[in-house]
Each structure stands twice: as C-alpha cells, then as structure tokens.
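Anchor point for the sequence shown: position 74 equals 101 in this note's numbering, and the numbering is continuous, going up by one each time. Glycine included, every Cβ here is placed at the ideal spot set by N, Cα and C. Shown next, in structure tokens, is the structure this report addresses.
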Amino acid sequence: MWPQKRSLFIVITISVVLILVSLATLYTVAYASLHTRGVPTVSVAHTPTTLPTVAATLTNTATPTKVPATNTPQPTATNVPPPPPQALPFATGVRVAGRQFVDASGRVIRLIGVNESHLEYFCTADHMGVADFQAMRSWGFDTVRFTLSSEYWNHCDGYQATVKTVVANAESVGMYVILVLQWNAPFNTPYDLTHGGAQYPMPDNAQDVTFWQQIATTYRGDNRVLFDLMGEPHDISWSTWLDGGPVTVSTPQYPVSGTYQAIGMLQLSQMIRAIGTNVIILSGNEYGYDLSGVLKGYHVTLPNIVYGTHPFDWSGKQLPEWNYNFGSVSEYYPVIVTEFGGYDCTTRYSSQVIAYANEYNLSWLAWNWGVGICTEPNILATWTGTPTSPYGIYIKDQALAIYTP
C-alpha cells in the first residue's frame with residue numbers, strides 16, 4: 028500500500044504547487060497592470076546650455092557695421108542678361124559721390140578706357156594727335172591715362188608743353204584724362220636726365236612735389252583731369268605709403284644705391300586738395316595692386332579720393348586673392364582698376380578682371396594702347412586703331428558692351 032500512497036501524495040503535492048504558481052503569476056500581472064496604467068508619463072525636456080555671448084569687433088575698418096568680404100570670390104549671378112550699352116559720355120567733369128563717379132550733371136558714370144605709356148619713356152609725344160583719341164572713342168573708351176615722368180617734366184625742354192597738348196587733344200574729343208606719376212628720379216643723376224628716371228617705390232619730397240604742384244595748378248578747375256599720385260608704389264610699409272619717410276634703394280634694380288625722403292599719400296593729397304578739387308587716385312602697394320591696408324586704417328579722409336588697383340597675371344594676383352586685396356575695399360570706398368593685363372597673348376586673365384570689375388561696378392582701364400608684342404601686353408595691331416587678336420578684339424568688344432560711341 029505504501030507505493031500507492033506515495034504516488035498519490037506526489038500527485039497532490041504537484042497539483043498544489045501548480046495552483047500556487049498560477050495564483051502568483053496572476054497576482055504579478057495584476058499588480059504590474061495596476062501600477063503601470065495609472066502612473067503619469069514624465070517627459071525629460073532638453074535644456075540647451077547657455078554659452079557666453081562674444082561680441083564681434085571690427086578693428087580698423089572703415090565702416091564698423093559691415094564686415095568686409097573675405098578673399099573667397101563672390102558668386103556671379105547667372106542667367107541675368109547684361110544691361111544694354113549706354114551712349115558714350117562726353118567728358119564734362121567728374122567727381123566722387125559715395126563709391127561712384129558722377130559727371131558734372133550728377134549722372135553716375137564708369138571710366139572705361141586705356142593706358143598710353145609713351146610719355147613715361149620719352150620726352151616727346153608720338154601717336155597722340157586728335158585722330159588717335161578719336162580712335163580710342165570708337166572703341167567705346169571715355170578715358171585715357173597718361174603715365175608720366177617727373178624727371179622729364181622738370182628737366183626736359185618741351186615736355187610740359189607736350190603733356191598739355193596731348194591732354195587738350197584728348198579733351199577735344201570728349202575724353203577724361205588721368206595723369207599719373209610713373210617714373211621719377213629722387214637722385215637726379217645724368218642717367219635720369221636721358222632716361223626719365225626709373226620706377227622708384229614712392230614719390231620724393233622734392234622734385235615730385237614740384238611736379239604735382241605745377242600740374243595741380245595747371246588743371247585747377249578742369250575736373251575732366253584726374254591725378255594718380257604714384258602709379259605703382261612698391262617695397263614699402265603701409266605707414267610709409269601713408270605718411271612717407273626714408274626709402275632705401277640699391278642697384279641693379281635702380282640706377283644708383285641710396286636713401287631718399289619720400290612724401291606720403293596723405294601729405295601729397297592734402298597739398299593737392301589745397302590747390303583744387305580734381306579727383307585724386309591713390310594706387311595701392313605691391314606695384315599698385317594691394318589695397319588691403321586701406322581697411323586697416325591707412326586711408327585718406329578727403330573729398331574726391333579714389334583708390335586704384337593693378338591686377339596683372341602674376342603669382343599672388345589671381346582671382347582668389349582679389350576680394351582681399353581690392354574687392355572688399357570697393358564695398359567701402361570708390362575703387363578703379365587703373366591697369367590690368369595678361370602676358371600669354373590670350374584673354375584668359377583679362378576676361379576674369381573685366382568680369383570681376385563689372386560685377387562690382389568698377390571702372391577699368393586696359394594696358395596698353397600701343398603697337399607691339401602681345402606679351403607686354405599691347406592692344407593695337409596698327410596705329411589706326413586695328414585691334415590685336417584676340418586680346419585687343421576682346422578689350423574693344425567689352426568696352427563697346429558698356430558704351431556705344
């Protein structure tokens with residue numbers, strides 16, 4: 028009988044265990060259900076960390092409320108047709124209004140033209156008669172820029188009369204004229220007397236002062252004439268550019284070695300402004316190219332001041348650098364591209380310059396109205412006005428797209 032009782036006991040025990048397990052499970056589920064359904068959901072909100080505010084400070088900029096452009100080229104608008112060409116203006120006088128040129132009637136104009144470099148090398152004129160300037164007008168040019176020598180002006184018989192004649196010839200056909208000191212001779216050597224000097228870094232405080240005093244007096248009241256005080260300053264600090272100071276040069280880059288006293292752009296501008304109201308152009312450092320110092324406090328606060336730049340196809344003067352070197356300056360001050368060109372007989376570089384100038388609404392003057400090799404670069408195939416191909420043709424087409432004679 029014992030085995031049967033034991034089996035029955037085991038069965039009963041297992042049944043009781045199963046019943047208890049089932050009751051425990053039901054209790055657990057009920058408890059979990061009860062304590063979950065009635066509990067409100069708590070959401071944890073993300074609170075951002077408050078960072079300290081850092082005020083942006085613009086140091087030595089012309090307008091503290093506007094940040095200058097970086098040296099990244101600005102995008103050019105696409106699918107926007109260029110404006111139709113305007114009638115080529117007849118020079119009546121020019122002044123600066125804001126960041127633009129305006130004529131005597133107050134109409135906004137652009138100075139579109141060309142350089143004529145003969146008078147920096149020679150004491151006499153060649154191909155600068157009325158017909159030559161009429162040929163320039165037929166290209167759509169309203170401005171010609173003459174590069175001059177102060178050595179010839181002060182020491183070469185007939186040079187002053189020649190300059191006055193070619194200016195009158197250009198004005199007679201309705202052109203604006205820019206006179207620029209390109210070559211000078213601080214040491215006034217016998218070599219200088221026969222070669223017109225050299226391209227020194229800055230104007231000197233002696234005969235270059237006389238040069239500008241006489242020119243400013245001659246053209247006082249004739250606001251068709253603009254003054255570019257030093258064509259291509261170079262190898263100097265920005266403080267020397269603005270305020271002048273000792274400048275040391277040496278051979279073989281210059282005819283002699285020595286130190287001379289330069290006059291700065293500020294003092295020279297003040298001297299000329301005391302004589303008349305003609306527009307003054309101040310070319311940048313690095314051979315007239317770099318204007319970046321203007322936004323760092325090296326600027327001249329006088330009426331009718333414009334800053335000039337010379338982009339040529341050299342390393343460091345390519346499109347990615349233009350915003351830093353002069354494009355950003357044009358957002359605060361009037362800027363003119365007074366010289367530009369390439370040296371590979373193509374339009375590659377010059378087309379970039381003109382497109383950039385047009386985008387920023389800058390005036391521009393091509394280099395150079397002369398017959399010669401294209402690598403200089405020259406834009407003429409003949410002195411009658413036939414353009415070289417492709418450079419001269421391109422320059423002419425671009426000018427005519429702005430002005431119609």
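Rounded to whole angstroms, what is the Cα-Cα separation between residue i and residue j?
i: residue 346; j: residue 202; result: 30 Å
i: residue 417; j: residue 163; result: 18 Å
i: residue 315; j: residue 160; result: 26 Å
i: residue 155; j: residue 123; result: 28 Å
i: residue 129; j: residue 363; result: 13 Å
i: residue 389; j: residue 137; result: 7 Å
i: residue 117; j: residue 251; result: 10 Å
i: residue 222; j: residue 336; result: 26 Å
i: residue 426; j: residue 391; result: 9 Å
i: residue 370; j: residue 340; result: 7 Å
i: residue 412; j: residue 422; result: 12 Å
i: residue 333; j: residue 170; result: 15 Å
i: residue 237; j: residue 291; result: 14 Å
i: residue 384; j: residue 377; result: 10 Å
i: residue 157; j: residue 119; result: 18 Å
i: residue 228; j: residue 260; result: 5 Å
i: residue 280; j: residue 387; result: 36 Å
i: residue 87; j: residue 275; result: Low confidence applies here, because residue 87 scores a pLDDT of 32, under 50, leaving its location unreliable; read the following figure in that light. About 28 Å.
i: residue 249; j: residue 344; result: 35 Å
i: residue 360; j: residue 193; result: 30 Å
i: residue 408; j: residue 184; result: 32 Å
i: residue 196; j: residue 167; result: 17 Å
i: residue 338; j: residue 215; result: 30 Å
Taking residue i as part of the alpha helix (DSSP H), name the residues at either end of that continuous run.
i: residue 342; result: Unbroken run through residue 342: none, as it is neither H nor E.
i: residue 164; result: 157 to 165
i: residue 234; result: 234 to 245
Name the DSSP bridge partner or partners of residue i?
i: residue 217; result: Answer is none; residue 217 lacks a bridge partner.
i: residue 414; result: 407
i: residue 431; result: 114
i: residue 199; result: Bridge partners of residue 199: none, in fact.
i: residue 225; result: 211
i: residue 127; result: 124
i: residue 269; result: Bridge partners of residue 269: none, in fact.
i: residue 206; result: 173 and 254
i: residue 374; result: The partner list for residue 374 (beta bridge, DSSP) is empty, contrary to what the question assumes.
i: residue 380; result: In DSSP, residue 380 forms no bridge with anything.
i: residue 363; result: 335 and 390
i: residue 398; result: 407
i: residue 136; result: 128
i: residue 153; result: DSSP, once it has assigned bridges, lists no residue as partnering residue 153.
By the three-class DSSP mapping on this structure, what secondary structure does residue i have?
i: residue 316; result: coil
i: residue 392; result: strand
i: residue 142; result: strand
i: residue 368; result: strand
i: residue 322; result: helix
i: residue 16; result: What the structure shows of the chain is the stretch from 28 to 432, and residue 16 is not part of that stretch, so it cannot be assessed.
i: residue 184; result: coil
i: residue 424; result: helix
i: residue 274; result: strand
i: residue 194; result: helix
i: residue 299; result: helix
i: residue 356; result: helix
For the beta strand (DSSP E) that contains residue i, what are its first and last residues?
i: residue 287; result: 285 to 290
i: residue 176; result: 170 to 176
i: residue 309; result: 307 to 310
i: residue 332; result: 332 to 336
i: residue 253; result: 252 to 255
Whose CA, out of the options, lies closest to the CA of residue i?
i: residue 149; options: 175, 110 and 379; result: 175
i: residue 231; options: 294, 143, 171 and 396; result: 294
i: residue 273; options: 196, 289 and 265; result: 289
i: residue 151; options: 306, 400, 187 and 355; result: 187
i: residue 218; options: 209, 283 and 228; result: 283
i: residue 372; options: 265, 405 and 257; result: 405
i: residue 352; options: 322, 287 and 331; result: 322
i: residue 113; options: 131, 125 and 135; result: 135
i: residue 326; options: 381, 267 and 365; result: 267
i: residue 240; options: 302, 265, 127 and 131; result: 302
i: residue 304; options: 254, 414, 319 and 310; result: 254
i: residue 142; options: 192, 414, 206 and 126; result: 206
i: residue 298; options: 210, 244 and 184; result: 244
i: residue 262; options: 312, 432, 147 and 233; result: 312
i: residue 182; options: 213, 199, 196 and 200; result: 213
i: residue 324; options: 133, 269, 195 and 338; result: 269
i: residue 350; options: 330, 379, 374 and 264; result: 379
i: residue 140; options: 381, 415 and 398; result: 381
Just checking residue i against the ligand GDP - is the residue's beta carbon closer than 7 Å to any of the ligand's heavy atoms?
i: residue 143; result: The ligand content of the structure shown is nil, which means the ligand GDP is not present either.
Tell me, please, whether the CB atom of residue i is closer than 8 Å to any CB atom in chain C?
i: residue 131; result: No chain C is present in this structure, which holds just one protein chain.
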